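Residue numbers (this note's numbering): -6 to 205.
Spelled out as structure tokens, the structure:
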């Protein structure tokens, strides 16, 4: 992988950041999952000739007390990545793979993260609500007329609450995938055929950290 990137950062205040990054990645012989043209739809792996990902990432963290002093315990964090991806195929692959022009398998055209943080210094209590979504991406490459399979966007929400106790102990409770967003895979033009759908459930974590 050849990776080139440039990043510009500004730190308005302690704990705050505004940043923009430009990146270009060139992959040699990337490995992708492919659907073999059999009656059972066997999944295998194949190397493409190459691939290119070019994009921009914008990141910011800002305290909300700039809007009103009563919001000094709240801050927001946002991160947006937009990617243009293209795969280069070998001559023999052009006659086999269904799509002759497509993005790299597993690469979403965009990824968005947004978080709202609450930090109460006096009580040592912290909380975060995190939202994440990624654009549809090819999960499995189709061949011999079988359409590519796309994983559709999932709107994920995580919630965490932490409490410091004394000088050394910190307790943290986390719920991941709070609303149990389903995993969906589609095939065909405009994703009109639902190939698979399932739910993975929510995950609960309770951790304790002791430090000297």
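By construction, the Cβ of each residue, glycine as well, lies at the ideal position given by its N, Cα and C atoms. Model, not experiment: these values are computed from the prediction.
Other residues of its chain near residue i: CB distance less than 6 Å, five sequence neighbours each side excluded
i, result
"residue 111", "66, 67, 120"
"residue 151", "123, 169"
"residue 17", "-3, 47"
"residue -1", "15"
"residue 58", "64, 65"
"residue 50", "14, 74"
7 Å Cβ cutoff, residue i in contact with chain E
i, result
"residue 179", "Here chain E cannot be found, since the structure has a single protein chain."
Limits of the unbroken beta strand (DSSP E) element including residue i
i, result
"residue 165", "162 to 169"
"residue 183", "Counting along the chain, residue 183 falls outside any beta strand (DSSP E), and DSSP gives it neither H nor E."
"residue 150", "149 to 158"
"residue -6", "Premise fails: residue -6 is in no beta strand (DSSP E) and is neither H nor E."
"residue 27", "24 to 28"
"residue 144", "142 to 144"
"residue 39", "36 to 40"
Backbone secondary structure at residue i - three-state DSSP
i, result
"residue 7", "coil"
"residue 137", "coil"
"residue 14", "strand"
"residue 114", "coil"
"residue 260", "The requested residue 260 is not part of the displayed model; the chain covers only -6 to 205."
"residue 202", "strand"
"residue 172", "coil"
"residue 129", "coil"
Neighbourhood of residue i by C-beta distance below 8 Å, restricted to the same chain and skipping five residues each side
i, result
"residue 29", "35, 36, 37, 136"
"residue 10", "2, 3, 4, 52, 53, 54"
"residue 43", "19, 20, 21, 22, 23, 80, 81"
Nearest candidate by alpha-carbon position, reference residue i, set the options
i, options, result
"residue 166", "172, 127, 155", "155"
"residue 175", "146, 159, 162", "146"
"residue 73", "99, 92, 12, 80", "12"
"residue 8", "69, 129, 39", "69"
"residue 138", "180, 185, 77", "180"
"residue 252", "196, 194, 177", "Coverage of the chain is limited to positions -6 through 205, which leaves residue 252 absent and any answer about it impossible."
"residue 95", "89, 81, 105", "81"
"residue 40", "160, 49, 27", "27"
"residue 205", "78, 162, 113, 192", "162"
Residues near residue i by beta carbon distance below 7 Å, same chain, minus five either side
i, result
"residue 172", "150"
"residue 158", "164"
"residue 195", "168, 169, 170, 171, 173"
Checklist entry - Curious, which full-length beta strand (DSSP E) runs of at least 3 residues does the segment 43 to 106 contain? => result 43 to 56, 67 to 81
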